[in-house]
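Colleague: Quick note, the sequences are listed as chains W and Y, same order.
First residue of the first sequence: 1, per the working numbering; consecutive thereafter.
First residue of the second sequence: 135, per the working numbering; consecutive thereafter.
Glycine included, C-beta positions come from ideal geometry on N, C-alpha and C.
There are 2 protein chains.
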Amino acid sequence: MHTCQQRVLDGLTLGGTGVPIYVQLREQLLRAIGEGVLQPGDQMPTMRQVSVTLKVDLNTVRHAYDELERAGAIRLERGRGSFVSSPPPKDAAPAAASEDLARRTLALAAAAGVDPADLAERILALAEPKDKIS
Amino acid sequence: MHTCQQRVLDGLTLGGTGVPIYVQLREQLLRAIGEGVLQPGDQMPTMRQVSVTLKVDLNTVRHAYDELERAGAIRLERGRGSFVSSPPPKDAAPAAASEDLARRTLALAAAAGVDPADLAERILALAEPKDKIS
DNA sequence: CATATTGTATGATTGTATGCATACATGCCA
DNA sequence: TGGCATGTATGCATACAATCATACAATATG
């Protein structure tokens, strides 16, 4: 039953487009979570697994995991592993956090040459099915 | 005739998400070309214009222009300017990139307890204020 | 011709990213 | 208890990204 992490591991790829490795890892792992390949509570691939599989330094992988944790996407537990955070959600959507996330997202969109309007539309479309109450 | 170049200049934005500045410039300019905002033969914004407008070093801008030229997207002519090549290469960041970014962003939003609808709104608000396209 | 504009180039400097090696700290389990 | 897996943390070396400052070279224009 290592399948989830294995599948994620296999999906990871690195390209030489000038984008730092840790950024590529950060984004791809985030995507795996966003797609539901990794669900809340699931264990992430081990830092060492990623390090060995992709032949990337452990510190580099850690850099990516570190940012994911600071972003609240995952939870790091030494000696145990890394796990996808369960959305603590409902209520607490501090406007500040929302605004901050919006800015960061916009920056990423700009970096990738993505149209913000198009992006906003897709976000709404993807969010709709799971829309819930408060 | 504060033309297309001006509009492209205004559309350029930089964010500190770990993505190198020259990559952000490269992708955004590529997208402008791919979208037809800048058409074959059109003059690109001057390196110095970009440098001053975005408060980025001239060498950094050059790095981006340099890669665009090697990619065959533009043509550099000293003393004259930079121009869009006749057969502009097909866009590297079409709909797929947008879809991926949307998923990644949703994962972050869920982790932070941010309402996707609210987020989408803020993204639009942050992106739009400038150019009312006419 | 002189001048402004634009691209091209260099050296010094600071910060970051990456890799390699080597540990330490914590949690799990036999 | 001991061993193992996992996250955490160094130090050192190399390469790249970015800024600043200062120029040079080609083109256009007056």
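Taking 8 Å as the limit between beta carbons, can you name the residues of its chain near residue 192 of chain Y, skipping five residues before and five after?
Modeller: Correct list, in chain order: 181, 182, 185.
Colleague: In or out: residue 17 of chain W buried (at least 16 other Cβ within 10 Å) or exposed?
Modeller: Exposed.
Colleague: Kindly say whether residue 190 of chain Y, judged by its beta-carbon, lies nearer than 8 Å to any beta-carbon of chain W.
Modeller: With 8 Å as the cut-off, residue 190 of chain Y does not count as an interface residue toward chain W.
Colleague: Please name the residues in the stretch 104 to 124 of chain W whose beta-carbon is closer than 8 Å to at least one beta-carbon of chain Y, in chain order.
Modeller: If the cut-off is 8 Å between Cβ atoms, the stretch 104 to 124 of chain W has 104, 105, 106, 107, 108, 109, 110, 111, 112, 113, 114, 115, 116, 117, 118, 119, 120, 121, 122, 123, 124 near chain Y.
Colleague: Are the CB atoms of residue 146 of chain Y and residue 202 of chain Y nearer to each other than 8 Å?
Modeller: Result no, Cβ atoms of residue 146 of chain Y and residue 202 of chain Y do not sit closer than 8 Å.
Colleague: Could you check what DSSP says for residue 218 of chain Y in three-state terms: helix, strand or coil?
Modeller: The answer is strand: DSSP assigns residue 218 of chain Y an E or B state.
Colleague: Give the residues from the stretch 14 to 27 of chain W that approach chain Y closer than 9 Å (Cβ to any Cβ), ordered along the chain.
Modeller: Result list: 17, 18, 19, 20, 22, 23, 26, 27.
Colleague: Taking only runs of the alpha helix (DSSP H) that begin and end inside the stretch 48 to 124 of chain W, which ones reach a length of at least 4 residues, in chain order?
Modeller: The qualifying runs are 58 to 70, 95 to 112.
Colleague: I'd like to know whether the C-beta atoms of residue 232 of chain Y and residue 122 of chain W end up nearer to each other than 8 Å.
Modeller: Yes, these two residues count as a Cβ contact at 8 Å.
Colleague: Would a check of beta-carbon distances place residue 172 of chain Y closer than 8 Å to chain W?
Modeller: Output row for residue 172 of chain Y: interface = no.
Colleague: Give the residues of chain W in contact with residue 165 of chain Y, contact being defined as C-beta atoms less than 9 Å apart.
Modeller: Those are 112, 113, 114, 115, listed as they occur along chain W.
Colleague: Would you say residue 99 of chain W faces chain Y, with C-beta separation under 8 Å as the test?
Modeller: Chain Y contact via Cβ: present.
Colleague: Taking the alpha carbon of residue 163 of chain Y as the point to measure from, which residue in Y:149, Y:213, Y:212, Y:143 has its own alpha carbon closest?
Modeller: Cα-wise, what sits closest to residue 163 of chain Y is Y:143.
Colleague: Taking a cut of 7 Å between CB atoms, which residues from the stretch 65 to 87 of chain W lie near chain Y?
Modeller: Within the stretch 65 to 87 of chain W, the qualifying residues are 71, 72, 73, 85, 87.
Colleague: Between which two residues does the alpha helix (DSSP H) containing residue 27 of chain W stretch?
Modeller: Here the alpha helix (DSSP H) through residue 27 of chain W covers 21 to 35.
Colleague: When the cut-off is 8 Å and only beta carbons count, does residue 230 of chain Y lie next to chain W?
Modeller: Residue 230 of chain Y does not count as touching chain W.
Colleague: Cβ of residue 245 of chain Y within 8 Å of Cβ of residue 72 of chain W?
Modeller: Cβ distance < 8 Å, so residue 245 of chain Y and residue 72 of chain W count as in contact.
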